[in-house]
Amino acid sequence: MNNTTDIKFLKMSNEVGKRAIALGNHPFGAVLVAPDKETVLLTQCNIDSVNHAESTLARIAASNFSAEYLWNCTLYTAVEPCCMCAGTIYWANIGRVVYGMSEARLLECTGNHNENPTMHIPASYVFEHGQKNIVLTGPVEEVEEETLKLQKDFWATR
3 MNNTTDIKFL KMSNEVGKRA IALGNHPFGA VLVAPDKETV LLTQCNIDSV
53 NHAESTLARI AASNFSAEYL WNCTLYTAVE PCCMCAGTIY WANIGRVVYG
103 MSEARLLECT GNHNENPTMH IPASYVFEHG QKNIVLTGPV EEVEEETLKL
153 QKDFWATR
């Protein structure tokens with residue numbers, strides 16, 4: 003997969019995050035791309051504090067596609083998956099994850115906000131403690147500022 007493809011789908015995940023805002027939710031979105039690296043299988047926006055975009059997408063994907071198929075898919079998310087989402091991605095058997103902005107940068111936007119008490123547990127930590135070699139790529143510099151602006155603008159109003 004080339005960087006242009008990654009950037010395209012990361013930008014799409016930000017658009018899904020904007021859909022979440024329109025629905026009254028936090029600005030997080032996830033996109034699942036098929037092994038052909040072109041077909042969007044699912045998009046999911048954030049729902050609430052236990053139904054994050056990535057974990058909800060991973061559960062739906064696991065219910066609709068085989069583990070073998072998902073291993074060759076890529077999940078794109080503008081913000082690094084939290085530990086809950088990383089665990090769900092792991093169990094769903096999604097083999098590649100690309101994110102635009104780190105969880106540490108998100109913490110800069112939210113602080114100790116009661117609506118998003120960010121845990122400082124990187125997705126890499128979760129994946130490194132499993133038995134699967136999930137490919138984790140990020141942050142992606144070309145979308146980091148766009149993602150940061152979306153998050154800062156949203157959290158400044160909360």
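According to this note's numbering, the residues represented by the sequence shown are 3 to 160, in order. All C-beta atoms in this analysis are idealised placements derived from N, C-alpha and C, irrespective of residue type, glycine included. Here the structure is a predicted model, which means the values were calculated and not measured.
Proximity to residue i [Cα-Cα], best of the options
i             : options                           : result
histidine 115 : Arg160, Arg107, Gln133 and Gln153 : Arg160
tyrosine 92   : Asn74, Glu40 and Phe30            : Asn74
lysine 154    : Asn135, Thr112 and Thr7           : Thr112
arginine 98   : His28, Lys151 and Gly140          : Gly140
valine 81     : Arg21, Lys13 and Leu43            : Lys13
glutamate 146 : Ala106, Glu40 and Asn48           : Ala106
threonine 7   : Ala24, Pro37, Val18 and Ser57     : Pro37
leucine 43    : Glu110, Leu25 and Ile96           : Ile96
lysine 10     : His28, Thr41 and Gly26            : Thr41
asparagine 5  : Gly26, Lys39, Glu17 and Glu117    : Lys39
threonine 90  : Ala64, Leu109 and Glu110          : Ala64
serine 126    : Cys47, Ser15, Ser51 and Pro83     : Pro83
serine 57     : Cys87, Glu130, Leu138 and Gln46   : Cys87
proline 124   : Gly19, Asn118, Leu150 and Leu138  : Leu138
For residue i: DSSP bridge partner residues
i            : result
asparagine 5 : According to DSSP, asparagine 5 bridges with nothing at all.
leucine 34   : Leu44 and Leu77
As assigned by DSSP and simplified to three states, the class of residue i
i              : result
threonine 149  : helix
valine 137     : strand
valine 142     : coil
isoleucine 123 : coil
glutamate 117  : coil
tryptophan 12  : The amino acid at residue 12 is misidentified as tryptophan; the sequence shows leucine. Here leucine 12 sits in helix by DSSP.
lysine 39      : coil
arginine 160   : coil
glycine 19     : helix
Proximity test, Cβ basis, 9 Å: residue i and chain D
i              : result
tryptophan 157 : Absence of chain D from the displayed structure is noted, only one protein chain being present.
Are the region 66-75 and the region 99-111 in contact at 8 Å, needing three or more beta carbon pairs? no
Segments assigned beta strand (DSSP E), at least 3 residues, entirely inside the region 44-113: 76-81 and 98-103
Decide yes or no for the touch test of the region 33-48 against the region 75-94: beta carbon pairs closer than 8 Å, at least 3 of them. yes
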